[in-house]
Amino acid sequence: MGASQQRPSPVHLLVNLAKNKLNKARERQAGTVSATSSEMQRYSPEESARAVAETGALLIWRAAPDGTPLAALADTRQIEVPRSLPFACVALVHPDDREPMLAQWHRCLAEVHPFDMHYRLRQADGSYRWTRGRGIPLSAPEGGVQEWVGTVSDIHEHVTMEAALSLSEGRLRLALESTGLGIWEYDVATGVTWLSKTAAQLLQRPGLRLTRKERYAVLHPDDRQALMVLFRDAVARRTQERFETEFRIRRGNPAETIWATCSARLVFRANGTLSRIIGTLGDITERRWQQETLFRLAHYDHLTGLPNRRRLTQLFKEHGAHATSMGFLIVDIDNFKDTNDRFGHAIGDEVLRAVARRLRDVIPDEAPIARLGSDEFGVLLPGLDHNGQALAIAQQIHEAFAFPFPAPERSVHLSAGIGIAFAKEHRDGVGTVLVEADLAVAEAKRAGPGETAFFAPALRERLHRRQQLCDEFERALKEDEFDLFYQPQVALQDGNIIGAEALLRWRHPDRGLLEPKDFLTILAQSRWARPTGDWVLRRACLDAAKLAAQGEPLRVAVNLFSAQLQSGALDRTIERCLAESGLPAHLLEIEITEHVILSNDEATLARLDRITELGCSLAFDDYGTGYASLSMLTRYPVTRLKIEQSFITSVCADDTHAAIVEAILSLAKSLGLGVTAEGVETSEQAQWLKTHGCPEGQGRLFGMAMPLLDLHGRVLGWPGRQRP
Numbered sequence: 044m045g046a047s048q049q050r051p052s053p054v055h056l057l058v059n060l061a062k063n064k065l066n067k068a069r070e071r072q073a074g075t076v077s078a079t080s081s082e083m084q085r086y087s088p089e090e091s092a093r094a095v096a097e098t099g100a101l102l103i104w105r106a107a108p109d110g111t112p113l114a115a116l117a118d119t120r121q122i123e124v125p126r127s128l129p130f131a132c133v134a135l136v137h138p139d140d141r142e143p144m145l146a147q148w149h150r151c152l153a154e155v156h157p158f159d160m161h162y163r164l165r166q167a168d169g170s171y172r173w174t175r176g177r178g179i180p181l182s183a184p185e186g187g188v189q190e191w192v193g194t195v196s197d198i199h200e201h202v203t204m205e206a207a208l209s210l211s212e213g214r215l216r217l218a219l220e221s222t223g224l225g226i227w228e229y230d231v232a233t234g235v236t237w238l239s240k241t242a243a244q245l246l247q248r249p250g251l252r253l254t255r256k257e258r259y260a261v262l263h264p265d266d267r268q269a270l271m272v273l274f275r276d277a278v279a280r281r282t283q284e285r286f287e288t289e290f291r292i293r294r295g296n297p298a299e300t301i302w303a304t305c306s307a308r309l310v311f312r313a314n315g316t317l318s319r320i321i322g323t324l325g326d327i328t329e330r331r332w333q334q335e336t337l338f339r340l341a342h343y344d345h346l347t348g349l350p351n352r353r354r355l356t357q358l359f360k361e362h363g364a365h366a367t368s369m370g371f372l373i374v375d376i377d378n379f380k381d382t383n384d385r386f387g388h389a390i391g392d393e394v395l396r397a398v399a400r401r402l403r404d405v406i407p408d409e410a411p412i413a414r415l416g417s418d419e420f421g422v423l424l425p426g427l428d429h430n431g432q433a434l435a436i437a438q439q440i441h442e443a444f445a446f447p448f449p450a451p452e453r454s455v456h457l458s459a460g461i462g463i464a465f466a467k468e469h470r471d472g473v474g475t476v477l478v479e480a481d482l483a484v485a486e487a488k489r490a491g492p493g494e495t496a497f498f499a500p501a502l503r504e505r506l507h508r509r510q511q512l513c514d515e516f517e518r519a520l521k522e523d524e525f526d527l528f529y530q531p532q533v534a535l536q537d538g539n540i541i542g543a544e545a546l547l548r549w550r551h552p553d554r555g556l557l558e559p560k561d562f563l564t565i566l567a568q569s570r571w572a573r574p575t576g577d578w579v580l581r582r583a584c585l586d587a588a589k590l591a592a593q594g595e596p597l598r599v600a601v602n603l604f605s606a607q608l609q610s611g612a613l614d615r616t617i618e619r620c621l622a623e624s625g626l627p628a629h630l631l632e633i634e635i636t637e638h639v640i641l642s643n644d645e646a647t648l649a650r651l652d653r654i655t656e657l658g659c660s661l662a663f664d665d666y667g668t669g670y671a672s673l674s675m676l677t678r679y680p681v682t683r684l685k686i687e688q689s690f691i692t693s694v695c696a697d698d699t700h701a702a703i704v705e706a707i708l709s710l711a712k713s714l715g716l717g718v719t720a721e722g723v724e725t726s727e728q729a730q731w732l733k734t735h736g737c738p739e740g741q742g743r744l745f746g747m748a749m750p751l752l753d754l755h756g757r758v759l760g761w762p763g764r765q766r767p
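Just so we're aligned: the sequence shown equals residues 44 to 767 in my numbering.
Following this line, the structure appears as structure tokens:
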């Protein structure tokens with residue numbers, strides 16, 4: 044058979060017919076209709092089944108303008124079309140669907156309107172499946188309808204899935220409404236968003252529907268663009284998964300802004316077009332406020348409002364990704380301790396706020412300023428790599444200090460030492476630059492008040508001495524130079540000493556008794572951190588066991604180094620220490636900080652779980668200063684919170700700190716956690732804590748860190764101690 048005699052592909056045939064849907068019927072040549080009819084009729088039943096199957100339909104049909112069938116191709120493996128019927132598939136339509144289908148078909152014939160309807164169709168095996176029948180009128184060249192063409196497609200899986208989805212959505216709606224989440228549904232065709240009662244209440248809307256304009260109005264202007272991009276991207280990707288976002292909503296009159304969480308899913312029709320978007324809506328204003336508050340506590344100094352050291356480290360990394368060089372200044376106020384001692388901490392705090400404001404005035408806007416310590420500030424200068432530029436800024440800072448700082452009923456004269464270091468592309472990270480700037484500011488302060496110094500290679504000698512100190516740690520362990528002192532922990536309700544925190548001391552052969560501030564930071568960063576930490580564990584367990592054997596059982600708290608948490612043998616080390624000492628596990632409390640946790644991975648959680656499984660308790664040290672602290676309370680098996688001493692110092696005078704402490708106490712109570720307030724120095728602070736439900740305190744009021752023998756004597760002679 045020649046090429047001219049070959050029958051056209053059924054796909055080609057259907058495409059030719061469908062072209063007319065795009066109003067291109069007038070481009071067809073006369074005779075196409077009859078040719079198409081004969082082409083259809085030349086297919087055998089087997090070829091018809093194969094041909095129609097290639098189109099993805101069950102049936103392809105043609106009909107006269109009045110609806111009389113002209114020709115049909117059917118997948119006879121699935122349906123059997125009675126060719127003698129006036130409308131080929133009417134007899135196959137489910138009895139319940141037949142009358143509505145015919146009514147719709149006759150309306151379309153009368154109105155010359157495309158036909159599109161879902162109905163059930165009997166299959167060759169006698170079962171019924173949901174199908175979609177579609178037909179379009181083709182225009183004749185001289186006007187009017189020349190013929191109808193259409194298809195019948197199987198949509199059974201989609202319809203049954205939609206029915207199941209509708210049922211599950213109804214159940215889900217009831218469940219979600221009971222949790223306080225609102226339900227919404229956006230109809231793509233109408234642009235209307237339907238709301239559940241809970242969603243309407245959340246938005247403070249009188250009705251249960253939103254027009255496009257109303258929906259746009261409730262979205263916060265700053266969040267509209269991001270939301271549009273999110274949903275457009277989801278539609279473009281045709282995502283089948285649920286997606287979530289958080290944004291602000293404006294509601295009420297006058298308008299108030301709340302934060303909402305939204306979880307949404309796209310719903311598509313059988314033809315693949317988007318039908319609707321359904322989702323949930325919940326009010327998370329309180330949670331966002333807590334997150335923002337915690338973020339500020341973790342990344343900003345509460346006194347001055349400036350970024351803290353952690354935030355400055357982040358900014359250093361962010362700027363370092365773009366700048367080829369950076370300058371870094373440390374501004375250290377000269378003799379600020381004398382100001383505090385002379386005028387009191389309240390005046391000192393006010394002066395520090397004034398210093399922060401003045402630094403903002405003289406430092407370029409693009410240069411972040413941070414408070415690094417009590418009287419120390421850091422300035423990051425992106426793009427700065429020249430001594431002259433840095434010196435000019437340092438001079439402006441000195442000039443700002445030339446004027447007295449205002450304080451209540453007085454003014455305070457101050458000066459500051461300034462250390463300068465530079466970070467280049469090839470240099471180490473922020474840690475190195477901070478160390479070098481710190482060495483430079485120390486050099487400036489040695490030169491006298493109000494001086495400036497640059498980091499120089501000669502100052503690396505200090506780094507050498509740090510290394511020398513690291514080398515001495517090995518000797519300290521071997522020669523038993525380390526010692527443990529204990530600071531009492533007291534039950535505020537009755538005054539009993541119920542525990543003690545083990546604090547490391549170093550009896551240095553040349554420098555005398557060294558406190559942690561003299562060596563602990565360097566030790567924590569050295570390879571001796573883990574063996575020293577293990578020594579502390581063994582010694583603390585032995586000391587606590589001695590007290591218990593003498594009838595004075597006290598809980599002993601031990602701080603862990605990050606290196607210990609990174610060790611897979613930590614739980615075995617603790618178990619061995621308990622076994623060797625005979626100390627009951629419930630008398631050993633392990634203290635961890637947020638920094639230690641955040642520097643580790645999921646393995647940390649497993650190790651801490653094993654520690655608590657041994658019977659030991661787990662305390663979160665310095666609680667209240669860390670951003671991740673709240674989330675860690677549920678993730679890690681914490682049993683006690685230790686409130687950071689800076690909050691306790693001013694709890695009686697600072698409403699903000701008092702509110703924070705009250706919030707921590709309330710949170711701990713709701714979670715069933717113990718609480719110890721650190722840094723209790725006055726009886727007024729102790730009374731405030733007791734009144735507000737804080738169970739335990741630790742600080743100078745109850746005793747400084749002391750050797751074990753002194754602790755034992757203190758326990759025996761403590762006025763509130765109840766003898767067994």
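C-beta atoms are modelled at their ideal positions from N, C-alpha and C, and glycine is treated no differently.
*Would DSSP call residue 542 helix, strand or coil?*
strand
*Residues that residue 602 bridges to, as DSSP identifies them*: Partner(s): 634.
*How would you label residue 369, buried or exposed, when you count the other beta carbons within 10 angstroms and need 16 or more for buried?*
Residue 369 comes out buried.
*Find the nearest neighbour of residue 540 within the set 740, 451, 606, judged by alpha-carbon distance.*
740
*Are residue 376 and residue 405 close, meaning C-beta to C-beta below 8 Å?*
8 Å or more divides the Cβ of residue 376 from the Cβ of residue 405.
*Comparing alpha-carbon positions, which option in 157, 137, 195 lies nearest residue 170?*
137
*Since residue 225 contacts residue 239 with CB under 8 Å, what's their CB separation in whole angstroms?*
Right, their Cβ atoms sit about 5 Å apart.
*Which residue spans inside the stretch 497–524 form an unbroken beta strand (DSSP E) run of at least 3?*
none
*Helix, strand or coil: how does DSSP classify residue 157 here?*
DSSP, reduced to helix, strand and coil, places residue 157 outside both helices and strands of the structure shown, so it counts as coil.
*When you compare only the Cα positions, how much space is there between residue 730 and residue 596?*
Whole-angstrom Cα-Cα distance: 26 Å.
*Which two residues bound the contiguous alpha helix (DSSP H) that contains residue 584?*
572–592
*Would you call the stretch 453–470 and the stretch 488–502 touching, i.e. three or more CB-CB distances under 8 Å?*
yes
*Would you kindly report the start and end of the unbroken beta strand (DSSP E) that includes residue 450?*
448–450
*Considering only residues of the same chain and omitting the five flanking positions on each side of residue 665, which have a CB-CB separation below 7 Å?*
636, 685, 687
*Can you give the Cα-Cα distance for residue 706 and residue 346, rounded to whole angstroms?*
Going by the C-alpha atoms only, they are around 19 Å apart.
*Outcome for residue 531 when other beta-carbon atoms lying within 10 angstroms are tallied against a minimum of 16*: buried
*Cα-Cα separation, residue 103 to residue 157*: 15 Å
*Same chain, Cβ closer than 7 Å to residue 390, five either side skipped, listed in chain order*: 450, 451
_Opening and closing residue of the beta strand (DSSP E) in which residue 176 lies_ = 171–182
*For residue 374 and residue 361, the rounded distance between their alpha carbons*: Across the structure, residue 361 and residue 374 are spaced so that their CA atoms are roughly 22 Å apart.
*Extent of the continuous alpha helix (DSSP H) run through residue 278*: 264–280
*If we call anything under 8 Å between Cβ atoms a contact, is residue 325 one with residue 304?*
yes
*Who are the near neighbours of residue 722 in its chain, counting only those whose CB is closer than 7 Å to its CB and skipping five residues on each side?*
Only 688, 691, 692, 742 meet the Cβ criterion.
*Report yes if the CB atom of residue 551 is closer than 8 Å to the CB atom of residue 522, and no otherwise.*
no
_Extent of the continuous alpha helix (DSSP H) run through residue 649_ = 645–656
*If you check the beta carbons only, do residue 436 and residue 512 fall under 8 Å apart?*
no
*Do the stretch 596–606 and the stretch 542–559 meet, that is, are 3 or more Cβ pairs less than 8 Å apart?*
yes
*Tell me which same chain residues have a C-beta within less than 8 Å of the C-beta of residue 630, skipping the five on either side of it?*
587, 591, 596, 597, 598, 599
*Does the distance from the CB of residue 648 to the CB of residue 678 come in under 8 Å?*
yes
*asked:* Check whether the stretch 159–177 and the stretch 187–195 touch, using three or more Cβ-Cβ pairs below 8 Å as the test.
replied: Contact between the stretch 159–177 and the stretch 187–195 is present: three or more C-beta pairs spanning the two stretches fall below 8 Å.
_Same chain, Cβ closer than 7 Å to residue 411, neighbours up to 5 away in sequence not counted_ = 350, 355, 358, 423
*Where residue 768 and residue 565 are concerned, what is the direct C-alpha to C-alpha distance, given to the nearest angstrom?*
One cannot answer for residue 768 here, as it falls past the ends of the chain, which runs 44 to 767.
*asked:* Taking the beta strand (DSSP E) that residue 688 belongs to, which residues open and close that run?
replied: Run containing residue 688: none in the beta strand (DSSP E); it sits in the alpha helix (DSSP H), 688–692.
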